[in-house]
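For the sequence shown, my numbering gives the first residue as 217, with consecutive numbering after it.
Even glycine gets a Cβ: it sits at the ideal position worked out from N, Cα and C.
Reading through the structure tokens given below for one structure.
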Amino acid sequence: MPAPLIWMLMVLPFVLWGTAMAAMAPLVSSGGPWLVAGLRLFPAGLLLLLTLPLLGRSWRLDPRDLGWCLAFTVVDATLFQGLLAQGLRFTGAGLGSVLIDSQPLMVALLARLLFADPINPVGWFGLSLGLVAIACLGLPAPVLQEWWLQGPSAGFLTAGAGGTLLMLGAALAMASGTVLSRYACRHSDPVAVTAWHMLAGSLPLLLAHVLTVGPPAQTASTLLPPWGPAEWGLMAYASLFGGAIAYGLFFWFAGRGSLTSFTSLTFLTPVFALICGVLLLGERLHPLQWLGVLLALLSVLLIHQRARLWSGGTAGGTRPAEVALSGAASQPEEALQP
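Encoded structure:
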């Protein structure tokens, strides 16, 4: 597969997630967070399972992976989606995306501890730069002003301390799930693992919605929100594109190559969201947002080229995408280099 196409597919999940967050935000208030989270996962997992035979892949999970798959399901599907949907009630899509996009730093720490994924000072600087970039891109100007004048805690509190903690918890769950996906896919097809974890992980969320509605009138008319075609279209987009396609690609790539390098592409999520707003909605970027775009691109470049830059370009350079992603799923990219 040509390297440019591989890089496009690597970036695609983050583009879809950014737009799916915007699609989910208005649905949470009318449909409830548990229902929205469950409907994002269940149809997506079912669709992936039905697609596996067409792709020539097996839907069966290796018995050796079942324990890891269960942990992966609880952490990345049920916990992450539940915290994300609950947090959207308080933060909204913009600030919520910013908080979720802090997860590359968490992934880098976990990958460093578990897989000896090398980062070096250039990589750490790139991660820090990425966090500054998403703050410039997604945080409202009043929040940034309060950060500058009163410290970071003031800005977070204006957005709602509860929502901030929920979103940071969701980011930690996603980072942990990204690491767990490597163990869950050691002997099983990563797309099959993704499908089953979405399908099974949605059931506790849907059950929580049913229990929230409560008796006596638990009928289809009361369990489902009064959405029109537009709302169901947004839900279908969040499930199909922001769920099945995005998660299938994400965990397929996460099992191959460096977790730190791949998840750093999360910093581009608000960049693409803003570009879509400019091209499709006629929105205009403020100077601070343009600065965030440049910092996000620079951050990804530094993280992906950290070995080459730290060694002065003489050794340890990163390999082409098509080589890096063809390595064994259980080893980080740099560990496979001579």
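Reduced DSSP secondary structure (H/G/I, E/B, other) of residue i
i    : result
S527 : coil
C352 : helix
G543 : Interpretation of G543 is limited by its pLDDT of 37, a score under 50 that renders its predicted location unreliable; the figure taken from the coordinates is listed afterwards. DSSP places G543 in coil when its eight states are reduced to three.
C401 : coil
I222 : helix
L510 : helix
D278 : coil
P442 : coil
L343 : helix
L228 : helix
L518 : helix
G449 : helix
L268 : coil
W233 : helix
I335 : coil
R273 : coil
G248 : coil
H502 : coil
Exposed unless 16 or more other CB atoms sit within 10 angstroms - verdict on residue i
i    : result
R398 : buried
S369 : Residue confidence for S369 is low, a pLDDT of 47 falling below 50, so the modelled location carries little weight; the figure read from the coordinates is stated next. Per the 10 Å Cβ criterion, exposed.
A236 : buried
L510 : exposed
G444 : exposed
L450 : buried
M224 : exposed
A389 : buried
L382 : buried
G393 : buried
H502 : exposed
A219 : exposed
L271 : exposed
Proximal residues to residue i (C-beta, below 6 Å), its chain only, five neighbours per side dropped
i    : result
G247 : P441
L365 : Confidence at L365 is low in this model, with a pLDDT of 47, below 50, so the placement of that residue is unreliable and no value is reported for it.
A424 : W250
A400 : D281, W284, C285, F288 and V409
Q521 : none
A454 : A236, A239, M240 and R256
L422 : G254
Straight-line Cα distance separating residue j from residue i
i    : j    : result
L263 : P337 : 42 Å
G417 : L514 : 36 Å
V290 : L300 : 14 Å
E447 : P259 : 16 Å
A239 : S527 : 43 Å
L330 : A293 : 21 Å
D278 : H403 : 6 Å
S245 : F296 : 18 Å
A386 : Q302 : 10 Å
M226 : L507 : 24 Å
F230 : L517 : 16 Å
I222 : F469 : 10 Å
A452 : I335 : 38 Å
F467 : L439 : 32 Å
L456 : A351 : 28 Å
Sequence-distant residues of its chain with Cβ nearer than 8 Å to residue i (five each side left out)
i    : result
L268 : S274, W275, D405, V407, A408 and A411
T428 : G248 and W250
L228 : I461, A462 and L465
Of the listed residues the options, nearest to residue i (C-alpha basis)
i    : options                   : result
A512 : H413, R328, L465 and F341 : F341
L415 : L265, A386, V252 and F467 : L265
R524 : G261, G339 and L456       : G339
V395 : V323, F230, L271 and G298 : V323
L504 : A452, V348, L422 and F467 : V348
L384 : G298, I335, V426 and F467 : G298
R305 : I519, A391 and A253       : A253
G261 : L326, I519 and H413       : H413
L326 : V426, L456 and A391       : A391
Chain B within 7 Å of residue i, Cβ atoms only
i    : result
S246 : Structure shown: chain B not included; a single protein chain is present.
Close beta carbons around residue i, own chain, < 7 Å, minus the five adjacent residues each side
i    : result
P420 : T294
L243 : V252, E447, L450 and M451
R328 : I335
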